[in-house]
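Here is the structure we will look at, set down as structure tokens.
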Amino acid sequence: MTFQEVNLKRRSIRDFLDKPVSDDIINEILKEALEAPSSSNTQPFKVVVATGNILKSIGNELTQKYKASLTLRKQNIIGKILTARKYGLKPNKVYETIQGKYPGIYQDRRIKTAVGLYKVLGLKREDKKKRDEEMTKNFYFFGAPAAIWIFANPKMKYTALVDTGIFMQNIMLSATSKGLGTCPQGALNLWREPVDKHFNVPKGYELVCGLSLGYPSDDKVNFYRPEKLSVEELLVSKK
């Protein structure tokens with residue numbers, strides 16, 4: 001495929017085939033991703049790849065944490081504290097995802113994208129139970145046979161996130177070029193403890209994001225494409 005074809009074919013995949021991805025292909029994807037530029041070639045990131053029983057174990061614990069977090073809505077302050085302690089629900093604080101409402105126009109775009117996705121899935125916005133069920137799928141990776149977590153060193157400040165983002169995009173484009181699909185998931189940033197139980201992440205590296213990796217199914221959800229900005233909207237006008 002040409003770059004244009006790969007770029008346009010990439011989607012956030014939310015339904016995967018029950019088909020394993022070989023270690024050789026994963027390593028090839030990572031090798032290609034490492035061609036990404038970084039600030040003075042510092043490459044301030046580390047990667048965890050989980051498959052098989054380890055992935056299942058991580059998924060089970062993340063799902064348990066998420067379901068426990070849903071019960072917080074109906075609890076008083078004491079109940080929330082006890083539940084949070086019991087299930088280790090304290091979220092990551094260094095590279096923290098936005099929880100709750102996004103600021104300004106970004107919330108509008110978020111809602112528009114969610115409404116489009118719900119329409120494809122046949123979900124009503126007010127159906128919180130079904131929405132929670134769909135959200136839960138993040139934590140068992142939409143059925144993907146592999147998941148990747150990317151950690152970065154915050155001592156490199158903002159360049160760590162810039163470099164990590166470029167590297168992550170290379171992973172997704174490389175996977176797409178090989179007939180695989182990915183889904184970058186901020187939800188996989190929430191709790192790192194289940195990953196740490198199975199992998200020796202070097203001290204000082206903080207979790208930035210995770211993504212699911214596998215072969216896309218033909219489910220209609222995988223063909224959803226949210227609206228992108230036009231070039232005119234993107235460009236800043238002259239004074």
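If you read the sequence shown in UniProt numbering, its first letter stands for residue 1, the second for the next number, and so on. A virtual CB, placed ideally from N, CA and C, is assigned to each residue, including glycine. Since the model is a prediction, treat every value here as computed from it, not as a measurement.
Per-residue DSSP class, three states only, for residue i
i, result
"Q185", "strand"
"residue 241", "Residue numbering for the chain in the displayed model covers 1 to 239; residue 241 lies beyond these limits and cannot be assessed."
"A33", "helix"
"P206", "The sequence as given places Glu at residue 206; Pro does not occur at that position. It is a strand residue."
"P194", "helix"
"K239", "coil"
"N7", "helix"
"T159", "helix"
"Y140", "helix"
"K119", "helix"
Neighbourhood of residue i by C-beta distance below 8 Å, restricted to the same chain and skipping five residues each side
i, result
"D219", "R14, D15"
"A175", "I29, G181, T182, L213"
"I25", "K178, L180"
Same chain only: Cβ atoms within 6 Å of residue i, ignoring 5 sequence neighbours per side
i, result
"N138", "Q185, A187"
"H198", "I54"
"Y95", "E206, V208"
Nonlocal neighbours in the same chain, by C-beta distance under 7 Å from residue i, ignoring five residues either side
i, result
"P226", "T113, G116"
"V120", "K220, V221, Y224"
"residue 314", "Any question about residue 314 goes unanswered here, given that the chain covers just 1 to 239."
"Y66", "T136, F139"
"V6", "L173, T176, S177"
One or two residues paired with residue i in a DSSP bridge
i, result
"I148", "V49, L211"
"E126", "Bridge partners of E126: none, in fact."
"F16", "P216"
- Message: I want to know whether the segment 222–236 touches the segment 27–46 - three or more CB-CB distances under 8 Å.
- Response: no
- Query: Which runs of the alpha helix (DSSP H) spanning at least 4 residues fall entirely within the segment 75–111, listed in chain order?
  - Reply: Qualifying alpha helix (DSSP H) stretches, in chain order: 77–87.
- Just checking, does the segment 144–160 make contact with the segment 39–49 on the three C-beta pairs under 8 Å criterion? Taking 8 Å as the limit for Cβ pairs, the verdict is that the segment 39–49 does touch the segment 144–160.
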